[in-house]
Amino acid sequence: MTSTERRRSLAFLALSATQLMVILDGTVVTVALPAIRSGLRFSDSSLSWVVNAFFIAFAVVLLPAGRLGDRWGTRRVFLTGVALFTAASILCGLAWDPTSLLVGRALQGVGGGLSTAVSLGMIAELFPEPARRMRAFAVLAFIGSAGGAIGMVAGGMITEFAAWPWVFLVNVPIGAASLALGAATLERVPGRPVSGGLVPAALLRTRRFSLAGGVLFTMVIAGMSFQFLSSLFLQDTLGLSPLSTGAAFLAVTVPIAITSLGLSVRLAARFGAERVLIAALAFFAAGMVLMARVPDDGTFWLDVAPAFVVMGAGFGLAMPQVTDLAMTAAPPEHAGAASAFLAATQQAGGAVGVFAAGSLAAAAGPGIGYLLGAGALVVGIGLTVFLERSTSHRLNREPVEQAVIGSR
274 MTSTERRRSL
284 AFLALSATQL
294 MVILDGTVVT
304 VALPAIRSGL
314 RFSDSSLSWV
324 VNAFFIAFAV
334 VLLPAGRLGD
344 RWGTRRVFLT
354 GVALFTAASI
364 LCGLAWDPTS
374 LLVGRALQGV
384 GGGLSTAVSL
394 GMIAELFPEP
404 ARRMRAFAVL
414 AFIGSAGGAI
424 GMVAGGMITE
434 FAAWPWVFLV
444 NVPIGAASLA
454 LGAATLERVP
464 GRPVSGGLVP
474 AALLRTRRFS
484 LAGGVLFTMV
494 IAGMSFQFLS
504 SLFLQDTLGL
514 SPLSTGAAFL
524 AVTVPIAITS
534 LGLSVRLAAR
544 FGAERVLIAA
554 LAFFAAGMVL
564 MARVPDDGTF
574 WLDVAPAFVV
584 MGAGFGLAMP
594 QVTDLAMTAA
604 PPEHAGAASA
614 FLAATQQAGG
624 AVGVFAAGSL
634 AAAAGPGIGY
644 LLGAGALVVG
654 IGLTVFLERS
664 TSHRLNREPV
674 EQAVIGSR
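Here's what the structure looks like:
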């Protein structure tokens, strides 16, 4: 391995480890909420802010952080975010009352938003080769899905065998290592002058980027509704413990690992990213429909696990494709804004998915919530068809355009 390859691998390790740390933080804390309530004497009405303070701050900072990355350099924004997240984790672990913990959680959200907002753009710059870039996005897709399940298991173990402050303090060595590694390996990319507005108009006018962003939105609506409804179904209906519920999600995580890390790049090279994405979304939707048919007296292995496997296979194939399609369509000068916009799209899609699925499930049962997610994916398939047609149109035009240029 050359020194350049080694540097790029270590830089990617810093970026991916940071993303895993931020994702883990959300689910680990959720499992530890009862212990936090007892330890710091939170009221029932204020306990939800332990979660909300993080996610609200995270969502608010995403788009401004992307523009800061384009203007001042993505490396500077990323390292600032990691440092702030790590320091805030120390504050959370040492919190002495509800107010100090909520301040720490909000600062964690700002730090997580800063680092997450610019990560996709940095990876696209780090790996200009299409195959390696998609492989890197596949790793991120796996981290995003596995992080939730790992976080639930880890949260249960930490809460049971240690004390609640360790759900925050465990971030400190990871954050410190990512900060040191990122500072040593990430290249300094100079910032560029940017126009006003959080989202550049030129970015939104890029048809392929907008279509890919729309597909991502439908995927996250389905994915978050799936996670929310399934977590409740496994515990409330099947009677699984939080620790067993986290382990049950391995039936989703393992297929995601197999398809995203093992198949996505090869299938895209052979059939094209758009066609693979269409098939993947169909698998994803089929998993949602299967979950909608699970009876209340069903069993995990016979009824739930097959749906989890189908859903995981579809998601694992889809996420690297849609991420690569979006980031390669974005103008290079707006890479930071594009990365932040996609992250914000995921936050918005997640909020819509949880709210809509939760409301429908409360009114008519979880099956309707799962069907909502399947319907969103049907919309995503339609948008991907437009993407595929735009690719075919562009490829058909290129030989003509080159001939015209060559004749001048």
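If you count the sequence shown from 1, position 13 lands on 286 in the working numbering, and the numbers rise without skipping.
Don't be surprised by glycine CBs; every beta carbon is placed ideally from N, CA and C.
None of the values given here were measured: they were computed from a predicted structure.
Spatially closest choice to residue i from the options, by CA coordinates
| i | options | result |
| --- | --- | --- |
| residue 511 | 571, 556, 379 | 571 |
| residue 524 | 310, 335, 575 | 575 |
| residue 600 | 492, 549, 539, 392 | 392 |
| residue 615 | 274, 596, 625, 660 | 596 |
| residue 337 | 325, 351, 324 | 351 |
| residue 440 | 362, 373, 418 | 362 |
| residue 298 | 471, 437, 452 | 437 |
| residue 560 | 648, 625, 335 | 648 |
| residue 405 | 320, 632, 541, 473 | 541 |
| residue 447 | 643, 640, 295 | 295 |
| residue 506 | 558, 344, 432, 581 | 581 |
| residue 394 | 481, 375, 347 | 347 |
| residue 372 | 359, 333, 310 | 310 |
| residue 370 | 345, 316, 398 | 316 |
| residue 463 | 332, 657, 569, 342 | 342 |
| residue 366 | 349, 396, 431, 339 | 431 |
| residue 495 | 382, 588, 303, 483 | 588 |
| residue 624 | 279, 497, 637 | 497 |
| residue 398 | 609, 663, 652, 653 | 609 |
| residue 374 | 473, 632, 320, 660 | 320 |
| residue 682 | 461, 471, 530 | Shown here, the chain extends from 274 to 681; a query on residue 682 therefore has no answer. |
| residue 602 | 546, 622, 569 | 546 |
Own chain, CB closer than 7 Å to residue i, minus 5 neighbours either side, in chain order
| i | result |
| --- | --- |
| residue 292 | 389, 392, 413, 416 |
| residue 475 | 604, 607 |
| residue 591 | 492, 550, 553, 554, 557 |
| residue 502 | 630, 634, 639, 642, 643 |
| residue 652 | 491 |
Euclidean distance between Cα positions of residue i and residue j
| i | j | result |
| --- | --- | --- |
| residue 628 | residue 499 | 12 Å |
| residue 618 | residue 489 | 7 Å |
| residue 458 | residue 364 | 28 Å |
| residue 655 | residue 368 | 49 Å |
| residue 522 | residue 305 | 18 Å |
| residue 281 | residue 410 | 14 Å |
| residue 577 | residue 564 | 7 Å |
| residue 509 | residue 323 | 23 Å |
| residue 228 | residue 301 | With the chain running from 274 to 681 in the structure shown, residue 228 is simply not present. |
| residue 312 | residue 334 | 30 Å |
| residue 548 | residue 289 | 27 Å |
| residue 583 | residue 557 | 7 Å |
| residue 513 | residue 377 | 32 Å |
| residue 426 | residue 465 | 43 Å |
| residue 532 | residue 539 | 10 Å |
| residue 679 | residue 480 | Low per-residue confidence applies at residue 679: pLDDT is 45, beneath 50, and the placement is therefore not dependable, though the value from the model is reported in the following sentence. Going by the C-alpha atoms only, they are around 27 Å apart. |
| residue 454 | residue 567 | 46 Å |
| residue 483 | residue 314 | 46 Å |
| residue 402 | residue 421 | 29 Å |
| residue 444 | residue 287 | 14 Å |
| residue 637 | residue 650 | 21 Å |
Residues near residue i in its chain [Cβ-Cβ closer than 6 Å; skip 5 each side]
| i | result |
| --- | --- |
| residue 562 | 647 |
| residue 354 | 384, 387, 388 |
| residue 379 | 326, 330 |
| residue 382 | 327, 330, 331 |
Proximity test, Cβ basis, 7 Å: residue i and chain B
| i | result |
| --- | --- |
| residue 542 | Considering every chain present, this structure includes no chain B. It has just one protein chain. |
Alpha helix (DSSP H) runs contained entirely in the segment 342 to 373, provided each spans 4 or more residues:
347 to 366
Runs of alpha helix (DSSP H) wholly within the segment 526 to 553 (minimum 4 residues, chain order):
537 to 544
So within the segment 568 to 653, which uninterrupted alpha helix (DSSP H) runs reach at least 4 residues, ignoring any that extend past its ends?
Listed in chain order, they are 578 to 602, 608 to 637.
For a minimum of 4 consecutive residues, which ranges assigned as the alpha helix (DSSP H) are wholly contained in the segment 278 to 347?
Fully enclosed alpha helix (DSSP H) runs of 4 or longer: 306 to 313, 317 to 320, 322 to 345.
Any alpha helix (DSSP H) of 4 or more consecutive residues that is wholly inside the segment 468 to 520:
474 to 477, 480 to 505
Report the residue ranges of all alpha helix (DSSP H) runs contained in full by the segment 391 to 436; include only those spanning at least 4 residues, in chain order.
403 to 434
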